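Sequential numbering from 1 applies to the sequence shown in full-length UniProt numbering. For glycine and all other residues, C-beta sits at the position ideal for the given N, C-alpha and C. This one's a predicted model, so the numbers in the text were calculated from it and none came from an experiment.
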Amino acid sequence: MDLTLQKKRWRPEIAPPKEEVVTEGQKQLKNLLEKQLQNDVTIQQQLSQKRTFTSASTHSPAIKSLSGLTTLDHFQEVDQLDVYTEELKKCGLTEEEIQLKIMADNRQRSQKKRNFGVDPSIMEEKLRTIEEKIKMKKVQLDQKEKFHGLKALTRHEMELERSLLRDCTSDDRRKVMSSLTTVLDPRDTSQSNNPMNQLPEILENITKGSNKEKSRRKRRQKNKNLSPEINLKYPANDEPQEEDSLEGVGEVATCERRPRTPVPEVSLEQINENKLTIEEIRNIPRFSNYAPGEPSQTLYVKNLSGKVHLEDLKSLFDKFSPEGSGGLEYRVLTGRMRGQAFITFPDVLTSSHALESVNGYCLKGKPVIIQYGRKNASNNTTA
1 MDLTLQKKRW RPEIAPPKEE VVTEGQKQLK NLLEKQLQND VTIQQQLSQK RTFTSASTHS
61 PAIKSLSGLT TLDHFQEVDQ LDVYTEELKK CGLTEEEIQL KIMADNRQRS QKKRNFGVDP
121 SIMEEKLRTI EEKIKMKKVQ LDQKEKFHGL KALTRHEMEL ERSLLRDCTS DDRRKVMSSL
181 TTVLDPRDTS QSNNPMNQLP EILENITKGS NKEKSRRKRR QKNKNLSPEI NLKYPANDEP
241 QEEDSLEGVG EVATCERRPR TPVPEVSLEQ INENKLTIEE IRNIPRFSNY APGEPSQTLY
301 VKNLSGKVHL EDLKSLFDKF SPEGSGGLEY RVLTGRMRGQ AFITFPDVLT SSHALESVNG
361 YCLKGKPVII QYGRKNASNN TTA
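Printed below as a string of structure tokens:
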């Protein structure tokens, strides 16, 4: 056999395996399935997703308010008004705007009664706002309805997607895949990955950062103006590197702290000049049954002003402490028992002298009422 015939013998051509083409609809369906099966969703992720809902409205038809004999024309007029009011509510108008719109439509009948004294420019501005809301609602209704989760494609990508779906044998599969994609509308900003949705957050972060920087600059400039020659207590290389750590801290003091001035001791002459007698104390309705009680080492002091502190009591009673006795024991009550105190003296004679001398003294606007403290069975001093 001739070799040339062997070379020319027909051989079947083996076609390469077809590559599986994944459409955008299949990718979107896979993403939706993974999102549905995801079980580690956080609250932050849910809040970051943009959602738009139609606000709810209540429908209270005026036909129900009709009673008695009504003509057909009046009934139809009220019914048409209910339908018109419901349409205006769906446009997002408030009750005031709805009434204004109805008054504008029936200007000849209503304006003389209700619209007297209203500035025409204000009325025109409100009506213009109402018309814009109605127009926006009509534009939304004219748009093609689509469910949340559609993947927006460009016109070129959509043509490729449709060309791939032409070879699909199943009509149901073709319908499902085509319903997962849509043509991108440049005016549509409802997509979650649209950069326009992030503009408010970006603007807020920028303004917040600029405000912090301005406050830090003002604080530094103010400190320089107040104390230009302050010597630092630490070397320059030990200064804190982070300026944010100073945020929220109050103004830095530019002078040395002065010691607290002690309360001066009140002399017996001052006490005698500004004290009430026992009869005057009993003239006060609250202390009409006042009695000093049985003498003891502890004095029960009450009716103290809220401005009285331990130093004020020491300025009154420390003078009665004998030398070498170790001082007096003070116990100032707080909380619900505020305004009362117990003072323990070395002996009964000293406590009696202090009671007779200080009782009735007006301390910071209120007379000091003193009684002897009683002792219960457990030797705890009580009022």
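query                                                                                                              : result
Start-end ranges of the alpha helix (DSSP H) lying completely within the region 324–371, minimum 4 residues        : 348–358
Backbone secondary structure at Arg166 - three-state DSSP                                                          : coil
DSSP three-state assignment for Lys291, whether helix, strand or coil                                              : The amino acid occupying residue 291 in the given sequence is Ala; Lys does not appear at that position. Looking at Ala291 - three-state DSSP - the assignment turns out to be coil, as it is neither helix nor strand.
Identity of the residue in Arg128, Gln46, Ala354 and Asn359 nearest Arg282 by Cα                                   : Asn359
Which of helix, strand or coil DSSP assigns to Lys218                                                              : helix
Inter-stretch contact (C-beta, 8 Å, three-pair minimum) for the region 293–301 and the region 261–278              : no
C-alpha gap between Asn237 and Asn205, whole angstroms                                                             : Confidence in Asn237 is poor, its pLDDT being 44 and thus under 50, which makes the residue's placement unreliable; the coordinate value appears in the next sentence. One C-alpha to the other measures close to 32 Å.
Beta-ladder partner(s) of Lys89, from DSSP                                                                         : None; Lys89 has no bridge partner.
Gln371, buried or exposed, once every other Cβ within 10 Å from all chains shown has been counted against 16       : buried
Euclidean distance between Cα positions of Arg286 and Gly365                                                       : 16 Å
Nearest-angstrom Cβ-Cβ length linking Leu100 and Lys126, presumed shorter than 8 Å                                 : 6 Å
Beta-carbon gap between Ser305 and Leu363 smaller than 8 Å                                                         : yes
Backbone CA spacing between Glu279 and Arg374 [nearest angstrom]                                                   : 23 Å
Boundaries (first-last residue) of the alpha helix (DSSP H) holding Leu37                                          : Glu24 to Leu37
Own chain partners of Lys133 with C-beta closer than 7 Å, once the 5 adjacent residues on each side are dropped    : Cys91, Gly92 and Leu93
Member of Pro292, Ile284 and Asp318 whose CA lies at the smallest distance from the CA of Asn268                   : A small fix is needed here, since residue 268 is Leu in this sequence, not Asn. The shortest C-alpha separation from Leu268 is found at Asp318.
C-alpha distance - His353 paired with Arg219, whole-angstrom precision                                             : 58 Å
Extent of the continuous alpha helix (DSSP H) to which Leu153 belongs                                              : No alpha helix (DSSP H) contains Leu153, which is instead part of the beta strand (DSSP E) from Lys151 to Leu153.
First through last residue of the alpha helix (DSSP H) which encompasses Leu310                                    : Leu310 to Phe317
Unbroken beta strand (DSSP E) run spanning Lys275, endpoints                                                       : Unbroken run through Lys275: none, as it is neither H nor E.
Sub-8 Å separation of Gln297 and Asp347 beta-carbons                                                               : yes
Separation of Glu77 from Gln38, as counted between CA atoms                                                        : 55 Å
When Leu310, Val368, Gly324 and Leu349 are compared against Arg331, the one with the closest alpha-carbon          : Leu310
Extent of the continuous beta strand (DSSP E) run through Leu127                                                   : It is not in any beta strand (DSSP E) - Leu127 instead sits in the alpha helix (DSSP H) that spans Pro120 to Asp142.
Segment limits, beta strand (DSSP E) that includes Leu100                                                          : No beta strand (DSSP E) contains Leu100, which is instead part of the alpha helix (DSSP H) from Glu95 to Asp105.
DSSP-derived helix/strand/coil call for Lys302                                                                     : strand
Whether Asp82 touches Ala104 by CB criterion (8 Å)                                                                 : no
Among Leu355, Glu124 and Asn274, nearest to Tyr361 - alpha-carbon criterion                                        : Asn274
Contact under 8 Å by Cβ, Leu333 with Ala341                                                                        : yes
Nonlocal neighbours in the same chain, by C-beta distance under 6 Å from Ser65, ignoring five residues either side : none
Leu165 vs Thr23 beta-carbon contact at 8 Å                                                                         : yes
Length of the line joining the Cα atoms of Asp73 and Asp79                                                         : 10 Å
Rounded C-alpha distance that separates Lys138 from Ile43                                                          : 35 Å
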